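Okay, so here's the structure we're looking at.
Chains as they are written, first to last, in our numbering: chain A, 752 to 872; chain B, 752 to 872.
Structure follows, in structure tokens:
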């Protein structure tokens, strides 16, 4: 099977749901996921892994317990394992996440916003 | 230490050398690297790891033994472990690579284009 280019814009056009990441690629035991976010997520951490946010369109911030980090299109950041954080976007923001296969969106917090079945697009 | 946004454009402005990736972030035991490429690289493979290419600006292609894959800004691809490939860019192309810490640019091929010391910027 030939190795294909993955077009991020085309993939983002395939879904509208907020806070529901879709998998677009796998590298070793890591997934690359796209997500559209708007509003506030919940406080959580990932005790077992760092997590990368890459901003593809729009702006967001990641709140930490003592400060927050603003992120705009063309920026990325690494949230270290175990650090409590809450992603927030005033307006819709489109992002790519990189994290190990099986990483759950709500980390150690669980609850109704957990997406247990993350689908490939 | 506060978690910082990493601005890809700002980081890319810090170097001009072609085929010489710079590290901008670490997630677990993976590095995110930026590179500027132009011309032809060498045939090589990475027997132990997949490798991700994300195109930030311009166009490139990855040649495989029987075909090639064209990549434009906003596209990415995963080169599976062990697959021989040769990156080529007619004009300067700016890319982000994601691969395990210690992955060597020339993989199993070695030679004069190997960058043994990859620096953080």
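All C-beta atoms in this analysis are idealised placements derived from N, C-alpha and C, irrespective of residue type, glycine included. For clarity, every value in this text was computed on a predicted model and none was experimentally measured.
Practice item. Please say whether residue 830 of chain B and residue 792 of chain B have beta carbons closer to each other than 8 Å? Key: no
Check your understanding: Taking the alpha-carbon positions, what's the residue 801 of chain A to residue 835 of chain A distance?
Key -> 11 Å
Review point. If you drop the 5 nearest sequence neighbours on each side, which residues of the same chain put their C-beta closer than 6 Å to that of residue 808 of chain B?
Key: 824 and 845
Exercise for review: Using only alpha-carbon positions, find the residue among A/837, A/789, A/865 and A/827 that is nearest to residue 775 of chain B.
Suggested key: A/827
Review point. Where does residue 765 of chain A fall in DSSP's three states?
Key: coil
Review point. Got a sec: which bits of the segment 822-851 of chain B sit with their beta carbon under 9 Å from any beta carbon on chain A, in order along the chain?
Key: 822, 823, 825, 826, 827, 828, 829, 830, 831, 832, 834, 836, 847, 849, 850 and 851
Check your understanding: In whole angstroms, what separates the C-alpha of residue 756 of chain B from that of residue 822 of chain A?
Key -> 6 Å
Point to revise | chain B contact residues for residue 801 of chain A, given Cβ-Cβ distances below 9 Å | key: 777, 778, 779 and 781
Check your understanding: Excluding the five sequence neighbours on either side, which residues of its own chain have a C-beta within less than 8 Å of the C-beta of residue 762 of chain A, listed in chain order?
Key -> 773, 775, 785 and 872
Exercise for review: Would you decide whether residue 856 of chain A is buried or exposed? Buried here means 16 or more other CB atoms lie within 10 Å of its CB.
Suggested key: buried
Practice item. Any chance you could list the beta strand (DSSP E) runs of at least 3 consecutive residues sitting entirely within the segment 796-822 of chain B, in chain order? Key: 802-808 and 810-814
Review point. Is residue 847 of chain A buried or exposed, if buried means 16 or more other CB atoms sit within 10 Å of its CB?
Key: buried
**Study point:** Whole-angstrom distance between residue 804 of chain B and residue 849 of chain B, CA atom to CA atom
**Key:** 7 Å
Review point. With 16 other CB atoms within 10 Å as the buried threshold, where does residue 854 of chain A fall?
Key: buried
**Study point:** CB contact check: residue 699 of chain B to chain A, cutoff 8 Å
**Key:** This structure leaves residue 699 of chain B out entirely; chain B is present only between 752 and 872.
Point to revise | Contact set between residue 810 of chain A and chain B, taken where Cβ atoms lie within less than 9 Å | key: Residues of chain B passing the Cβ test: none, with the nearest at roughly 11 Å.
Point to revise | Whether residue 860 of chain A touches residue 795 of chain A by CB criterion (8 Å) | key: yes
Exercise for review: Tell me, please, whether the CB atom of residue 753 of chain B is closer than 8 Å to any CB atom in chain A?
Suggested key: yes
Review point. Using a C-beta cutoff of 8 Å, does residue 815 of chain B count as contacting chain A?
Key: yes
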